[in-house]
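Start counting the sequence shown at 203; every next residue gets the next number (the numbering used here).
Cβ coordinates follow ideal geometry from the N, Cα and C atoms, glycine included.
Note that the coordinates shown come from a computational prediction; the quantities given were computed from them, not determined experimentally.
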Amino acid sequence: MNYSLDESPLARTDLTGDKISKWVEGQRRGENIDLDVYGKPSDKQLKELENVRKLSKELQDNLHDLENSVRIAEVENQAMNPTAPMLDSSEEHEFVSANQLDDYYAQEDQVDAREAEKQRLTKGKASKTDIQRFYKDQCVFLTGGTGFLGKVLIEKLLRSCGDLDTIYVLVRPKKGKDPTSRIRDMLDDFIFQRALEENPKGIYKVIPIVGDMELPGIGISDEDRKLLISRVTIIINSAATVKFDEKLSISTAINVKGTVEVIKLAKECRNLKAITHVSTAYSNTHLKYIEEKIYEPPMTVEVLEAIAQLDDNLIESILPTLLGKRPNTYCLTKAVAEEAVRIHASGMPVCIIRPSIVISTYEEPVRGWTDSVYGPTGLVIGIGTGVLRTMYMDVNKVADMVPVDLTVNAIIASTYHTANNFKENQTSDIPVYNFVSGAQNPITWGQFIEFNRKYGIETPTIKAVWYYGLNPTSTYYLFRFYNFFLHYLPALLIDMYCALVGKRRAMLKFYSKVTKLANILFYFSTQDWRFEDAGARRLWARTARADRAVFPFALADMSWDYMAETFLLGLRVYLVKDDLSTLPEARKKWNRLFYLHQLVKITTYSLVIYLVYLLVTRIFSFIMG
């Protein structure tokens with residue numbers, strides 16, 4: 203994913219620092235300057251070079267004279283004061299010649315050239331990539347901008363597409379905070395530190411738009427609507443409720459109605475270039491092979507909206523029938539939302555991207571960042587702290603996960619290609635990209651757990667309450683057995699102890715939530731799907747080399763070993779809030795927990811063997827009469 207400097211014209215050793223500076227400045231102003239014009243120095247430059255050589259020779263002569271003077275003075279001083287230390291002349295002093303100076307400056311110029319190339323690829327201070335040029339002066343309207351994926355998307359746009367005009371973010375008041383305060387607090391988050399260092403003015407480009415995806419017209423005022431219609435050129439709809447067990451009325455309002463309202467707004471935007479709808483790879487889990495196309499939904503948008511208006515108790519009673527082969531309201535409403543895009547956005551520059559399970563960052567802007575406990579993240583935290591002892595999963599099934607930073611880069615690139623390839627009155631199918639890892643770079647749940655065990659033991663958390671010991675099983679009744687003895691029974695004993703000493707009882711309540719989570723996630727951890735990803739591969743193939751360096755999203759190039767280490771460190775620091783400075787003490791605690799864990803295991807096995815022995819003895823005695 204790294205750009206090869208050997209292929210860059212800036213890596214030429216015959217270029218001086220001044221030449222590079224002039225070239226970079228010209229590129230920044232948009233001038234097309236050919237580096238070859240600097241290949242042959244002018245007469246004036248040759249004279250200046252000759253003067254430099256003369257000055258270098260004079261400097262060398264002066265240094266020789268200075269050394270001789272010092273030595274003479276030292277000899278005279280030694281003669282007058284025999285105890286004084288002599289200058290150590292045993293070492294051979296080297297003086298820099300004019301030719302050596304030329305070599306030194308040539309090497310320095312080469313370093314300058316490589317640094318200029320690095321800046322070009324990272325900060326965009328020199329020549330821009332195709333995608334960066336596309337986003338220059340664009341006004342982006344983003345829904346879901348305060349969520350996990352939305353934050354990383356805003357950060358990447360500010361850092362790598364710093365020349366864009368504005369990012370309008372749909373924000374609702376929450377927990378007593380108005381949208382402006384929420385955006386300000388969000389930009390103070392650690393994740394934005396690098397972006398704001400590289401683009402200090404970026405903070406002023408993020409503008410909150412008061413609204414709510416659940417409300418009609420997504421809750422924006424007439425004044426804000428006029429502003430968006432007149433200015434917005436790109437729309438990225440990433441808002442969604444990701445709670446698998448969300449009420450159908452809420453899930454429909456956000457995932458379906460909200461999408462329809464965003465498309466209605468897009469139709470009014472005067473300068474619209476592209477719309478990207480972020481869906482999910484699991485919108486059609488009733489199929490085992492999922493292609494990159496919009497499937498026929500289980501019901502129309504209008505029917506689902508009508509059902510969502512019914513009483514919640516009535517909806518709950520008919521929900522199994524409504525879901526059919528789909529596991530939850532999230533998958534159902536995301537499938538209908540895709541149908542809404544197909545119907546309402548027909549003939550518009552639109553695409554759909556379907557990421558699988560989105561996890562922490564792979565590399566950018568920092569390794570392992572996340573603020574979401576959904577999906578595998580919450581499970582790994584439970585395993586790493588020792589509170590999760592069993593899990594209902596098939597270790598041989600594929601765990602299809604994608605890092606959030608690569609997902610964001612794919613969204614940015616797909617938006618660019620959608621705008622570039624769209625033609626007026628286009629009636630062809632809407633591009634759909636399955637952004638999944640299983641097709642090119644699969645990892646099973648068993649491998650994922652083993653990686654987490656490996657790095658979890660190397661970097662344990664000080665907040666662990668017990669040693670690592672997960673017992674996954676794909677047999678439901680065995681899971682219930684494990685759950686009783688490894689979760690429920692210890693929780694009951696701990697809560698009984700807390701009641702005796704007057705402390706708050708919380709373990710039974712906690713493990714009831716764990717069981718509920720396991721029942722929700724087992725659908726995804728006990729089976730797998732095959733995804734077509736030809737469109738996503740073509741998207742990468744069409745992405746220019748320079749853009750690949752700035753916006754990498756090739757899942758085939760990703761290392762799961764590296765990702766697992768990144769994942770564990772990120773959870774430890776950003777979610778568990780356990781700084782790496784505690785690692786020495788955490789390892790000591792981990793060793794104590796290990797020995798305690800072994801003691802409990804031996805005691806338990808011994809007790810079981812003893813009980814079996816007693817039972818067998820009683821039976822034998824009964825038989826013998």
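Within a Cβ cutoff of 8 Å, which residues of the same chain sit near L695, ignoring the five residues on either side of it in sequence? In the sequence shown, counting from the first residue as 1, residue 695 sits at position 493. Around L695: no qualifying Cβ.
Residue burial classification, Y807 (beta-carbon count within 10 angstroms, cutoff 16): Position 605 of the sequence shown, counting from 1, holds the residue named residue 807. Counting Cβ neighbours within 10 Å, Y807 comes out exposed, since fewer than 16 surround it.
Close Cβ partners of K495 (< 8 Å) along its chain, the five nearest in sequence each way excluded: Along the sequence shown, one-based indexing puts residue 495 at 293. Cβ neighbours of K495 beyond the five flanking positions: D631 and V634.
Would you call M826 buried or exposed, if buried means 16 or more other Cβ atoms sit within 10 Å of its Cβ? If you number the sequence shown from 1, residue 826 lands on position 624. With fewer than 16 other Cβ atoms within 10 Å, it is exposed.
Helix, strand or coil at P551 [DSSP, three-state]: As a working mapping, residue 551 is identified with position 349 in the sequence shown. The answer is coil: DSSP assigns P551 none of H, G, I, E or B.
Pull up the distance between the alpha-carbon of S574 and that of K779, whole angstroms please. For the purposes of this step, residue 574 is identified with residue 372 of the sequence shown, where counting begins at 1. For the purposes of this step, residue 779 is identified with residue 577 of the sequence shown, where counting begins at 1. Rounded to the nearest angstrom, the gap between the Cα atoms of S574 and K779 is 13 Å.
Name the one or two DSSP bridge partners that P402 has. Position 200 of the sequence shown holds residue 402. DSSP, once it has assigned bridges, lists no residue as partnering P402.
Roughly how many angstroms lie between the CA atoms of L237 and I393, to the nearest whole one? For the purposes of this step, residue 237 is identified with residue 35 of the sequence shown, where counting begins at 1. For the purposes of this step, residue 393 is identified with residue 191 of the sequence shown, where counting begins at 1. Reliability of the predicted coordinates at L237 is poor, the pLDDT of 42 falling under 50, and no value is obtained from them.
DSSP-derived helix/strand/coil call for F753: As a working mapping, residue 753 is identified with position 551 in the sequence shown. Residue state, collapsed to three classes: coil.
Identified DSSP bridge partners for N515: Within the sequence shown, the letter at position 313 stands for residue 515. None, per the DSSP bridge assignment.
Which parts of the stretch 354-438 are runs of the alpha helix (DSSP H), unbroken and 4 residues or longer, counting only runs that do not cross its ends? Those alpha helix (DSSP H) runs which fall completely within the stretch 354-438 and span 4+ residues are 381-389, 395-400 and 424-433.
Measuring alpha carbon to alpha carbon, tell me which residue in R396, L398 and V412 is nearest T382. Taking the first residue of the sequence shown as 1, we reach residue 382 at position 180. Distances from the alpha-carbon of T382 to those of R396, L398 and V412 put V412 closest.
C-alpha distance - K403 paired with C341, whole-angstrom precision: Here residue 403 refers to the residue found at position 201 of the sequence shown. Here residue 341 refers to the residue found at position 139 of the sequence shown. When rounded, the distance between both Cα atoms is 16 Å.
Please state whether the Cβ-Cβ distance between D339 and D749 is less than 7 Å. By 1-based counting over the sequence shown, the position of residue 339 is 137. By 1-based counting over the sequence shown, the position of residue 749 is 547. Not a contact, by the Cβ cut-off of 7 Å.
Nonlocal neighbours in the same chain, by C-beta distance under 8 Å from R739, ignoring five residues either side: For the purposes of this step, residue 739 is taken as residue 537 along the sequence shown, with counting starting at 1. Around R739: Q642.
Return the Cβ separation of E507 and T454 in integer angstroms, given the expectation that the two are a contact with Cβ distance under 8 Å. Working through the sequence shown from its first residue, we reach residue 507 at position 305. Working through the sequence shown from its first residue, we reach residue 454 at position 252. That belief holds up - the Cβ atoms of E507 and T454 are roughly 6 Å apart, short of 8 Å.
Mind checking which residues open and close the alpha helix (DSSP H) that includes V810? The residue you call residue 810 lines up with position 608 of the sequence shown. Annotation for V810: the continuous alpha helix (DSSP H) segment containing it runs L785 to M826.
Considering Cα atoms alone, identify which of V560, I614 and T717 is closest to Y484. Walking along the sequence shown from the start, residue 484 turns up at place 282. The closest CA to that of Y484, considering only V560, I614 and T717, is found on V560.
Taking the continuous alpha helix (DSSP H) assigned at P692, which residues delimit it? Taking the first residue of the sequence shown as position 1, residue 692 is located at position 490. P692 -> alpha helix (DSSP H) spans L691 to V703.
Let me know if N654 comes out buried or exposed under the rule of 16 or more other beta-carbons within 10 Å of its beta-carbon. As a position in the sequence shown, residue 654 is number 452, starting the count at 1. The residue in question, N654, is buried, as its Cβ has 16 or more Cβ neighbours within 10 Å.
Around the Cβ of F683, are there at least 16 other Cβ atoms within 10 angstroms (buried) or fewer (exposed)? For the purposes of this step, residue 683 is taken as residue 481 along the sequence shown, with counting starting at 1. F683 sits exposed, since fewer than 16 C-beta atoms from the chains shown fall within 10 Å of its C-beta.
Return the CA-CA distance between V480 and I385, expressed in angstroms with no decimal places. What you label residue 480 is simply residue 278 of the sequence shown in a count that begins at 1. What you label residue 385 is simply residue 183 of the sequence shown in a count that begins at 1. In this structure, the straight-line span from the alpha carbon of V480 to that of I385 is close to 21 Å.
Give the secondary structure of R732 by DSSP, where H, G and I count as helix, E and B as strand, and everything else as coil. For the purposes of this step, residue 732 is identified with residue 530 of the sequence shown, where counting begins at 1. In the structure shown, R732 sits in a strand (DSSP, three-state: E or B).
Determine, using beta carbons only, whether L854 and Y657 come nearer to each other than 7 Å. Absent from the structure is residue 854, since the part of the chain shown begins at 203 and ends at 827.
I'd like the span of the beta strand (DSSP E) that includes M593, first residue to last. The residue labelled residue 593 in the question sits at position 391 within the sequence shown. First-last of the beta strand (DSSP E) with M593: T592 to Y594.
Compute the Euclidean distance between the alpha carbons of L450 and E787, then round it to the nearest angstrom. Counting from 1 along the sequence shown, the entry for residue 450 is found at position 248. Counting from 1 along the sequence shown, the entry for residue 787 is found at position 585. If I take the Cα positions, the gap works out to 47 Å.
Between R427 and R433, what straight-line distance do the alpha-carbon atoms span, to the nearest angstrom? For this step, residue 427 is matched to residue 225 along the sequence shown. For this step, residue 433 is matched to residue 231 along the sequence shown. Rounded to whole angstroms, R427 to R433 spans 10 Å at the Cα level.
Just how far apart, CA to CA, sit Y337 and D365? Position 135 of the sequence shown holds residue 337. Position 163 of the sequence shown holds residue 365. Straight through space, the alpha carbons of D365 and Y337 are spaced by roughly 7 Å.
With three or more beta-carbon pairs closer than 8 Å as the criterion, would you say the stretch 756-768 touches the stretch 553-569? The stretch 553-569 and the stretch 756-768 touch, with three or more beta-carbon pairs separated by less than 8 Å.
Whole angstroms is fine: what's the gap from R591's alpha carbon to Y776's? Start at 1 with the first residue of the sequence shown, and residue 591 comes out as number 389. Start at 1 with the first residue of the sequence shown, and residue 776 comes out as number 574. In this structure, the straight-line span from the alpha carbon of R591 to that of Y776 is close to 23 Å.
Runs of alpha helix (DSSP H) lying entirely within the stretch 561-644, each at least 4 residues, in chain order: Fully enclosed alpha helix (DSSP H) runs of 4 or longer: 578-586 and 606-623.
By Cβ distance below 8 Å, which residues in the same chain neighbour G704 in space, the five residues on each side in sequence not counted? Locating residue 704 in the sequence shown gives position 502, counting from the first residue. Cβ contact annotation for G704 (same chain, cutoff 8 Å, sequence separation greater than five): none.
I need the DSSP call for P500, collapsed to helix, strand or coil. Position 298 of the sequence shown, counting from 1, holds the residue named residue 500. Assigned with DSSP and collapsed to three states, P500 falls in coil, not helix or strand.
Residue closest to L521, alpha-carbon to alpha-carbon, out of D447, Y594 and Q649: In the sequence shown, counting from the first residue as 1, residue 521 sits at position 319. Among D447, Y594 and Q649, the Cα nearest to that of L521 belongs to D447.
So V373 packs on P418, CB below 8 Å; how close in whole Å? Counted from its first residue, the sequence shown places residue 373 at position 171. Counted from its first residue, the sequence shown places residue 418 at position 216. Rounded, the Cβ-Cβ distance is 17 Å, inconsistent with contact.
Return the CA-CA distance between V814 and T805, expressed in angstroms with no decimal places. Numbered from its first residue, the sequence shown carries residue 814 at position 612. Numbered from its first residue, the sequence shown carries residue 805 at position 603. The C-alpha of V814 lies about 14 Å from the C-alpha of T805.
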